[in-house]
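If you read the sequence shown in our numbering, its first letter stands for residue 2, the second for the next number, and so on.
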Amino acid sequence: MSEEDYRFASFMQSVPSYKYLKILEHVVFDSDIIKTQRDNWNYYNEFIRDWYPSLLDLLKLSKIEIDTANRKLTLAEEKEEATTEDFLPHPFYDPFLDYLRKEINESYDVGLYLSVMFLTRKVIESIFIRVVEVVFPKILDGQYNAANHEIWYDTKRGSYRDFDRLIDVFRDNAAAFHEDKQLILELCSLVRPLKNETNVCVHADYKIPDAEYVSQWRIPYVINLARKVFRKYCNP
2 MSEEDYRFAS
12 FMQSVPSYKY
22 LKILEHVVFD
32 SDIIKTQRDN
42 WNYYNEFIRD
52 WYPSLLDLLK
62 LSKIEIDTAN
72 RKLTLAEEKE
82 EATTEDFLPH
92 PFYDPFLDYL
102 RKEINESYDV
112 GLYLSVMFLT
122 RKVIESIFIR
132 VVEVVFPKIL
142 DGQYNAANHE
152 IWYDTKRGSY
162 RDFDRLIDVF
172 RDNAAAFHED
182 KQLILELCSL
192 VRPLKNETNV
202 CVHADYKIPD
212 AEYVSQWRIP
222 YVINLARKVF
232 RKYCNP
């Protein structure tokens, strides 16, 4: 692999795919661009006909699946292997979220299960806020977009929308996440009852929880779903 190829592949893997795949689809499946494979001209001794095949090779190298029949590009999802035996084994590669992950793991190890619940809510709500800021940016094409901003931020109160509202934003706008629509809907369906349960824990007298109580909320699974969304759309 040449240095240029390596840089291209690294770039493709570092940019959130939802930002470039739709643009690349217009290039990869454009009939005029495909025809360049029969073009005998060269540009500084580089034949134009070689450009398109090289692009396809680089996309495959970057784990981009090319569906010619449906004119669609998809980033192949790699299965991640847990690197630790922690309650939450997968890092976020973000200083704040990984600090919360550290506290959740430590709390779980010593049986502080209410802390696990509260910190879980904190992690997921933080992810929802960060992702919605990216998918519905308040600055769009260099201009302030009030409609996007109001979706997730109460400009009158000067604060983010509450967690319930953020969940609604994700659920009601799941189509904006394109190929991840079902992932978003599943995440919302799991997060809502978990959020409601932590509300009860905070605002009312409650039983002393144990490991069985925590396990019923499938916290590692839910957080890993949220983590996948965060890693793809925020790309720390």
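Even glycine gets a Cβ: it sits at the ideal position worked out from N, Cα and C.
query, result
"Determine the burial state of Arg228: buried for a count of at least 16 other Cβ atoms within 10 Å of its Cβ, exposed for fewer.", "buried"
"Would DSSP call Ile209 helix, strand or coil?", "coil"
"What is the residue span of the alpha helix (DSSP H) that Thr199 lies within?", "182–204"
"Are Glu104 and Leu120 closer than 8 Å when you measure CB to CB?", "yes"
"Tell whether a beta-carbon distance below 8 Å holds between Val201 and Val223.", "no"
"Given this structure, state the Cα-to-Cα distance separating Val203 from Tyr94, to the nearest angstrom.", "29 Å"
"Helix, strand or coil for Ser160 per DSSP?", "strand"
"Helix, strand or coil for Arg122, going by three-state DSSP, please let me know.", "helix"
"DSSP puts Tyr154 in a beta bridge; with which residues?", "Tyr161"
"Count the other C-beta atoms from every protein chain shown that fall within 10 angstroms of the C-beta of Leu57, then say buried if there are 16 or more, exposed otherwise.", "exposed"
"Rounded to whole angstroms, what's the CA-CA distance from Ile49 to Asp33? Just pull it up for me.", "13 Å"
"Ser127 and Val117 look like a contact to me (Cβ under 8 Å); what is the Cβ gap, rounded to whole Å?", "The pair is not a contact, with the Cβ atoms about 16 Å apart (cut-off 8 Å)."
"What is the rounded straight-line gap between the Cα of Trp218 and the Cα of Leu195?", "7 Å"
"I believe Leu101 touches Val133 by the beta-carbon criterion, under 8 Å. Please report the beta-carbon distance rounded to the nearest angstrom.", "Leu101 to Val133, Cβ: 18 Å. No contact."
"Among Asn146, Phe171, Asn71, Trp153, which residue has its Cα nearest to the Cα of Asp163?", "Trp153"
"Take the Cβ of Ser15 as the centre, count every other Cβ of all protein chains shown within 10 Å, and call the residue buried at 16 or more, exposed below.", "In this prediction, Ser15 has a pLDDT of 43, which is less than 50 and means its spatial position is unreliable; what the coordinates show is noted afterwards. When all chains shown are included, Ser15 counts as exposed."
"Give the single residue among Leu25, Tyr207, Ala176 whose Cα lies nearest to the Cα of Val136.", "Ala176"
"What residue range is occupied by the uninterrupted beta strand (DSSP E) comprising Leu74?", "73–76"
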